[in-house]
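Notes follow once the structure below has been shown.
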Amino acid sequence: MKDFCGLISIVGRPNVGKSTLLNRLIEQKVSITSRKSQTTRNNILGIKTKDNHQMVFIDTPGVHINASKVMNKVLNQSALGAIEDADLIIFMLQRNKINTLDELILERLKGVETKKICVINKLDQVASINSLLPVIEKLRSENDFAEIIPVSAKTGKNINELENMICQNLPENNHLYDSETKFLAKESFMISEIIREKIIRFLGEELPHETYVQLQKLEDKENIINIDAEIIVARESQKGIVVGKNGAKLKKIGEKARIDLEKFFNKKVFLKTWVKTKKNWNNDSDFISSLGIGSLYD
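Reminder that position 46 of the sequence shown reads as 71 in our numbering, one-by-one numbering, no gaps.
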């Protein structure tokens, strides 16, 4: 029996559900999700093996139309660079909306010979499939997609059909990883991402996007894992937002992160967090490079 394997790039503007789709396809949480933009900072490899087909996914940061800060430029380079590396591209948009940024990405894709599948996400928010027909026709007539499929990454609607489409468009190749492997991110990276997800979820509109989580200690003992994590912000005023009144917000972030970490490790976790200011870190290209933001691995 022949084997099929390919690198699959998931691209699209921020908040169309790329991370949710990856997590749904892999059937395990490998990328953080939030309604806030710029939650995915590193191209994360998620792997799904189905019989003789192996899908190796790159989940990219959302492309930003005005990349003013150094970090946003790095994220854009990372996202658009993933297009060049892929054997198959999944372009995502949501419902029946094609905005300026969608058009920008579609224009970039027109110059790429790689096979492409268009995924229209958030089908669960559409009253009737008929309302999608005009946008499907526009996408089909103006682009060269091998397939166009509406899905709901949230509920799983049409995900099996999408998976079959992906398998049908994979090149013939030996598998790169064993069938049990689902992700390649280092433990330290996954811990940082779990904590950062809680920051994003619990700070709401007060969220300082200019945050990064850096591990200071990871100690795996027989009955417990001890983790020290430093939350870095770009301005002193953001420190109080993360900490909250009498430390309430930081405590909540830590409690919720610990629950997810214990599920991840299947072991008791002691988590200690604190907040540190590094002025304008998100405009410091050397510091961003040292953190590995935008790289394929942590």
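Where a beta carbon is used, it is the ideal one built from N, C-alpha and C, also for glycine.
Applying the 10 Å Cβ sphere with the 16-neighbour rule, what's the burial state of residue i?
i           : result
residue 34  : buried
residue 158 : exposed
residue 263 : buried
residue 259 : buried
residue 165 : exposed
residue 79  : buried
residue 129 : exposed
residue 73  : buried
residue 149 : exposed
residue 169 : exposed
residue 127 : buried
residue 199 : exposed
residue 52  : exposed
residue 261 : exposed
residue 218 : buried
residue 167 : exposed
residue 236 : buried
residue 38  : buried
residue 83  : buried
residue 60  : Below a pLDDT of 50, predicted positions are generally treated as unreliable, and residue 60, at 49, falls in that range; no measurement from the model is reported.
Got a sec? Which residues, its chain only, sit under 7 angstroms from residue i by beta carbon, not counting five neighbours each side?
i           : result
residue 251 : 242, 244, 295
residue 277 : 227
residue 179 : 45, 149
residue 156 : 121
residue 41  : 117, 118, 119, 146
residue 330 : What is shown of the chain runs 26 to 323, which leaves residue 330 out entirely.
residue 269 : 275
residue 182 : 148, 149, 176
residue 201 : 30, 79, 81
Determine the closest residue to residue i out of the options, with distance taken between C-alpha atoms.
i           : options            : result
residue 216 : 288, 262, 41, 304  : 288
residue 46  : 144, 273, 130, 153 : 144
residue 110 : 257, 138, 121      : 138
residue 267 : 249, 248, 299      : 299
residue 20  : 196, 302, 248      : Here the chain covers residues 26 to 323 and nothing more, so residue 20 does not appear.
residue 152 : 83, 179, 120       : 120
residue 303 : 118, 256, 36       : 256
residue 147 : 43, 126, 200       : 43
residue 49  : 222, 214, 246, 185 : 185
residue 396 : 40, 71, 41, 39     : There is no way to answer for residue 396, as the model of the chain reaches only from 26 to 323.
residue 30  : 38, 125, 182, 81   : 81
residue 246 : 273, 293, 272, 28  : 293
residue 163 : 201, 37, 222, 123  : 123
For residue i, which residues from the same chain have a beta carbon less than 6 angstroms from its beta carbon, with the 5 sequence-adjacent residues on both sides left out?
i           : result
residue 220 : 238, 254, 282
residue 26  : 77
residue 301 : 255, 257
residue 279 : 296, 298
residue 197 : 27, 29
residue 154 : none
residue 161 : 173
Could one say the Cβ of residue i lies closer than 8 angstroms to chain C's Cβ atoms, at least one of them?
i           : result
residue 139 : No chain C is part of this structure, which consists of one protein chain only.
Suppose the cutoff is 8 angstroms on Cβ atoms and the five residues either side in sequence are ignored; what does the same chain contact list for residue i look like?
i           : result
residue 75  : 188, 192
residue 140 : 112, 113, 114, 171, 194
(message) Taking contact to mean 3 or more Cβ pairs, one atom from each stretch, closer than 8 angstroms, check whether the segment 167-177 and the segment 211-231 are in contact.
(response) No, because fewer than three Cβ pairs between the segment 167-177 and the segment 211-231 fall closer than 8 angstroms, the two stretches do not touch.
(request) Could you tell me whether the segment 267-284 touches the segment 198-209, using the rule of 3 or more Cβ pairs below 8 angstroms? (result) The segment 267-284 is not in contact with the segment 198-209.
(message) At 4 residues or longer, what runs of the alpha helix (DSSP H) sit wholly inside the segment 245-317?
(response) Within the segment 245-317, the complete alpha helix (DSSP H) segments at least 4 residues long are 261-268, 273-290, 310-316, listed from N- to C-terminus.
(request) List in chain order: all unbroken beta strand (DSSP E) runs of 3+ residues lying wholly within the segment 106-162. (result) Runs found: 113-119, 140-146.
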